[in-house]
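Trainee: Letter 215 of the sequence shown, counting from 1, is numbered 215 in full-length UniProt numbering, and no numbers are missing. Note that CB positions come from ideal geometry on N, CA and C, so glycine has one too. Remember, it's a predicted structure, so these values are computed and weren't measured experimentally. I have a structure here, written as structure tokens, and I will follow up with some questions on it.
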Amino acid sequence: MERIPLSVFEKFNNQELLSDVPEDRFISKSLQSPEIFSTPCEECTYFTKSNNNNILKFDDTTGLNTVLVSYTQQSKKRKQKKTNASSKGRPKIIGSDLTQGFSDFKPESLKDIYSLNDIFKSIQYLIQNKNFTPQDFKIVTARRHLQKLMTIPIHKQEVQFNVIYWKGMIFFAYDWKSESTTKVEDPYNKLIQYTGFKFEEVVSDGTRDSNFYTVVQHCVDNIPVIYTAEVDCSIDKETGLENYIELKTHTKLADDKISTINKLNKKLLSTFIQTKFIDCQHSIIGFRSTDLKIASIKKYTQRELAGEINSFPVILSDKCSINTKSIFQWYKLIMNWIISKEITDHNTPQIFRLSFKRDQELMNSYLKLEKILQEDDNDTIFNDLVPEWFQSFIMNLF
1 MERIPLSVFE KFNNQELLSD VPEDRFISKS LQSPEIFSTP CEECTYFTKS NNNNILKFDD
61 TTGLNTVLVS YTQQSKKRKQ KKTNASSKGR PKIIGSDLTQ GFSDFKPESL KDIYSLNDIF
121 KSIQYLIQNK NFTPQDFKIV TARRHLQKLM TIPIHKQEVQ FNVIYWKGMI FFAYDWKSES
181 TTKVEDPYNK LIQYTGFKFE EVVSDGTRDS NFYTVVQHCV DNIPVIYTAE VDCSIDKETG
241 LENYIELKTH TKLADDKIST INKLNKKLLS TFIQTKFIDC QHSIIGFRST DLKIASIKKY
301 TQRELAGEIN SFPVILSDKC SINTKSIFQW YKLIMNWIIS KEITDHNTPQ IFRLSFKRDQ
361 ELMNSYLKLE KILQEDDNDT IFNDLVPEWF QSFIMNLF
């Protein structure tokens, strides 16, 4: 399969696949199982990461904050006790100013945001402490990279990724350098980004000096995919995918026009994708007023998210929309496509660029996977993405 056009969503919706068309045969083979994941998401380990020195403490829940919004009657009682004991004087959630503290906000660099160092350290930990072997890993990435891939049909913006085949593993990484050369910092976007962080601070209780991450693995048609994912907060200070909560903010709905609902459902679909990747059953959206205060909050279960999205699917074209099923058909197709590349030399890094190209006719826009032939470019990309210590660690295992 040379490329994957956006028009593939029309085939997902209509199921019009022709057996005499090679591309359709590949799609049919990739989607023959109705399951999203052939094995469910499993938490392999978790860690707390210090904001000061980036040290990872495995099997440590210090960075796991707990939500201040009640979920069960039992937890409500615990929250009330905690509120009386340790959160006395905390301002109410509704009406909280999401711009407070913005003047001190310094966003992380793109290099740090999209680094794969945490998943490499996690793999080292799993091999050394949890009886994993290099053969247990196939696609290695971070959830934010998968999220970039999954939201291509939602945002429809050109984007590219580096795909590295080495030692039987495939490193999948968003090419953040392409963004850094084209993106101009927008002060308002920076402020909106901050409101998301501030919302987390307002609705959860715990440390602000570190963050908590889970390391999750699932299989797509028996292809293992492992990645790190930051956890916003949890129902209780206990690990377990079913305990984690995803937090989001969105503009307060001004009306019920189709464009307004479609914008909200893009946010809901993006949230659903994030929760699905760690089998997180709960999310909270804080709706912002025009002066960036919390006007209201709404809790969703994963089932409720799916219900709202599928009742009003995200519009892709006049003839096609995106729902929770088709967006993960997109994912399964791409994962199978990446795996299908024939790699004969597993000892030398083989580097491909996965790019989404816009076309004047939207549905003709496409993903293309091309091998990078320049040896110097290969070395640079590999060494920038895969640190020398991890290269040595893996090579010593063979």
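Compute the distance between the beta-carbons of Thr45 and Ser210, then report whether it is under 8 Å.
Mentor: Translated into positions along the sequence shown, residue 45 becomes position 45. Translated into positions along the sequence shown, residue 210 becomes position 210. Taking 8 Å as the Cβ cut-off, Thr45 and Ser210 do not qualify as a contacting pair.
Trainee: Could you say if the stretch 196-215 and the stretch 56-70 meet the contact criterion of at least three C-beta pairs nearer than 8 Å?
Mentor: For the pair of segments examined, the stretch 196-215 was found to touch the stretch 56-70: the number of CB pairs separated by less than 8 Å reaches three.
Trainee: For a quick check, are the C-beta atoms of Pro5 and Lys138 less than 8 Å apart?
Mentor: To locate residue 5, count along the sequence shown from 1; it is residue 5. To locate residue 138, count along the sequence shown from 1; it is residue 138. No.
Trainee: Following the continuous beta strand (DSSP E) through Thr39, name the residue where it begins and the one where it ends.
Mentor: On the sequence shown, residue 39 is found 39 positions in, with the first residue counted as 1. Here the beta strand (DSSP E) through Thr39 covers 39-50.
Trainee: How many angstroms separate the CA atom of Lys77 from the CA atom of Ile278?
Mentor: In the sequence shown, counting from the first residue as 1, residue 77 sits at position 77. In the sequence shown, counting from the first residue as 1, residue 278 sits at position 278. Low per-residue confidence applies at Lys77: pLDDT is 45, beneath 50, and the placement is therefore not dependable, though the value from the model is reported in the following sentence. The alpha-carbon atoms of Lys77 and Ile278 are separated by roughly 28 Å.
Trainee: Roughly how many angstroms separate the alpha carbons of Ile284 and Leu397, rounded to a whole number?
Mentor: Counted from its first residue, the sequence shown places residue 284 at position 284. Counted from its first residue, the sequence shown places residue 397 at position 397. Ile284 and Leu397: Cα-Cα distance of roughly 43 Å.
Trainee: I'd like to confirm something about Gln100: is its beta-carbon nearer than 7 Å to some heavy atom of the ligand MN, or not?
Mentor: Absence of the ligand MN from the depicted structure is noted, as is the absence of any ligand whatsoever, leaving it without description.
Trainee: To test your reading of the DSSP string, which unbroken alpha helix (DSSP H) runs of 4 or more residues are found completely within the stretch 115-194?
Mentor: Scanning the stretch 115-194 for uninterrupted alpha helix (DSSP H) segments of 4 residues or longer gives 117-129, 143-150, 152-155, 176-180, listed from N- to C-terminal end.
Trainee: If contact is defined by three or more beta carbon pairs under 8 Å, each pair taking one atom from either stretch, is the stretch 328-343 in contact with the stretch 354-370?
Mentor: yes
Trainee: Kindly identify the DSSP beta-bridge partner or partners of Lys371.
Mentor: The residue labelled residue 371 in the question sits at position 371 within the sequence shown. Phe352.
Trainee: For Ile258, count the other beta carbons within 10 Å of its own beta carbon; 16 or more makes it buried, fewer makes it exposed. Which is it?
Mentor: Here residue 258 refers to the residue found at position 258 of the sequence shown. Burial call: exposed.
Trainee: What number of angstroms, rounded off, separates the C-alpha of Lys111 from the C-alpha of Trp176?
Mentor: Indexing the sequence shown from 1 puts residue 111 at position 111. Indexing the sequence shown from 1 puts residue 176 at position 176. Their backbone Cα atoms lie some 7 Å apart in a straight line.
Trainee: To the nearest angstrom, how far is the alpha carbon of Leu264 from that of Ala295?
Mentor: In the sequence shown, counting from the first residue as 1, residue 264 sits at position 264. In the sequence shown, counting from the first residue as 1, residue 295 sits at position 295. Approximately 15 Å, taken between the alpha carbons.
Trainee: So Ser270 and Thr151 are supposed to be a Cβ contact under 8 Å. How far apart are they, rounded?
Mentor: One-based indexing of the sequence shown puts residue 270 at position 270. One-based indexing of the sequence shown puts residue 151 at position 151. That belief holds up - the Cβ atoms of Ser270 and Thr151 are roughly 6 Å apart, short of 8 Å.
Trainee: Measure the beta-carbon distance from Gly206 to Thr66 and round it to whole angstroms, keeping in mind my assumption that it falls under 8 Å.
Mentor: Taking the first residue of the sequence shown as position 1, residue 206 is located at position 206. Taking the first residue of the sequence shown as position 1, residue 66 is located at position 66. Rounded, the Cβ-Cβ distance is 6 Å, consistent with contact.
Trainee: Helix, strand or coil, according to DSSP, for Leu316 in the structure here?
Mentor: Here the question's residue 316 lines up with position 316 in the sequence shown. If DSSP states are grouped into helix, strand and coil, Leu316 belongs with the strands.
Trainee: Let me check understanding here. Comparing Cα to Cα, which of Gln135, Thr141, His155, Ser109 lies closest to Ile226?
Mentor: Position 226 of the sequence shown, counted from the start, is the residue given in the question as residue 226. Measuring from the Cα of Ile226, the nearest candidate turns out to be Thr141.
Trainee: From the DSSP output, read off the bridge partner residues of Gly286.
Mentor: Your numbering for residue 286 matches position 286 in the sequence shown. Per DSSP, Thr249, Ile297.
Trainee: Sort Lys276, Phe102, Lys198 by Cα distance to Thr301 and report the nearest one.
Mentor: By one-based count along the sequence shown, residue 301 stands at place 301. If we check each option's Cα against that of Thr301, Lys276 comes out closest.
Trainee: What are the residues that DSSP puts in a beta bridge with Asp97?
Mentor: Within the sequence shown, the letter at position 97 stands for residue 97. Lys293, per the DSSP bridge assignment.
Trainee: Pop quiz: Leu68 and Ser289 are said to be a contact at Cβ under 8 Å. What is the actual Cβ separation, rounded to whole angstroms?
Mentor: The sequence position of residue 68 within the sequence shown is 68, counting from 1. The sequence position of residue 289 within the sequence shown is 289, counting from 1. Actually they do not touch by this definition, with Cβ atoms about 20 Å apart.
Trainee: My understanding is that Tyr194 touches Phe105, with C-beta atoms under 8 Å, so please give their C-beta distance in whole angstroms.
Mentor: Position 194 of the sequence shown, counted from the start, is the residue given in the question as residue 194. Position 105 of the sequence shown, counted from the start, is the residue given in the question as residue 105. 5 Å between Cβ atoms; contact.
Trainee: Under 8 Å, with one C-beta from each stretch per pair, do the stretch 155-162 and the stretch 358-375 reach the 3-pair mark?
Mentor: yes
Trainee: With DSSP as the reference, label Asp205 as helix, strand or coil.
Mentor: Locating residue 205 in the sequence shown gives position 205, counting from the first residue. Correct three-state label for Asp205: strand.
Trainee: With three or more C-beta pairs closer than 8 Å as the rule, is the stretch 382-392 touching the stretch 113-121?
Mentor: yes
Trainee: Since Val220 and Cys41 should fall inside the 8 Å C-beta cutoff, what is the C-beta to C-beta distance between them, to a whole number of angstroms?
Mentor: Counting from one through the sequence shown, the residue named residue 220 turns up at place 220. Counting from one through the sequence shown, the residue named residue 41 turns up at place 41. Incorrect: roughly 11 Å between the Cβ atoms, too far for contact.
Trainee: Quick check on Thr133: buried or exposed, where buried means 16 or more other Cβ atoms within 10 Å of its Cβ?
Mentor: What you label residue 133 is simply residue 133 of the sequence shown in a count that begins at 1. It is exposed - the Cβ of Thr133 has fewer than 16 other Cβ atoms within 10 Å.
Trainee: DSSP three-state label for Ile226, please.
Mentor: Within the sequence shown, the letter at position 226 stands for residue 226. The three-state secondary structure of Ile226, taken from DSSP, is strand.
Trainee: Closest to residue 400 by CA distance: which of His282, Glu108, Ser96, Arg143 is it?
Mentor: Nothing about residue 400 can be reported from this structure: the residues present for the chain run from 1 to 398 only.
Trainee: Can you tell me whether Ala254 is buried or exposed? The criterion is at least 16 other CB atoms within 10 Å of its CB, across all chains shown.
Mentor: As a position in the sequence shown, residue 254 is number 254, starting the count at 1. By the neighbour-count rule (16 or more Cβ atoms within 10 Å), Ala254 is not buried but exposed.
Trainee: Hey, out of Leu17, Leu64, Ser70, whose CA is closest to Lys298's CA?
Mentor: On the sequence shown, position 298 is the one that residue 298 refers to. Per the Cα distances, Ser70.
Trainee: Helix, strand or coil, according to DSSP, for Phe105 in the structure here?
Mentor: Within the sequence shown, the letter at position 105 stands for residue 105. Coil, per DSSP.
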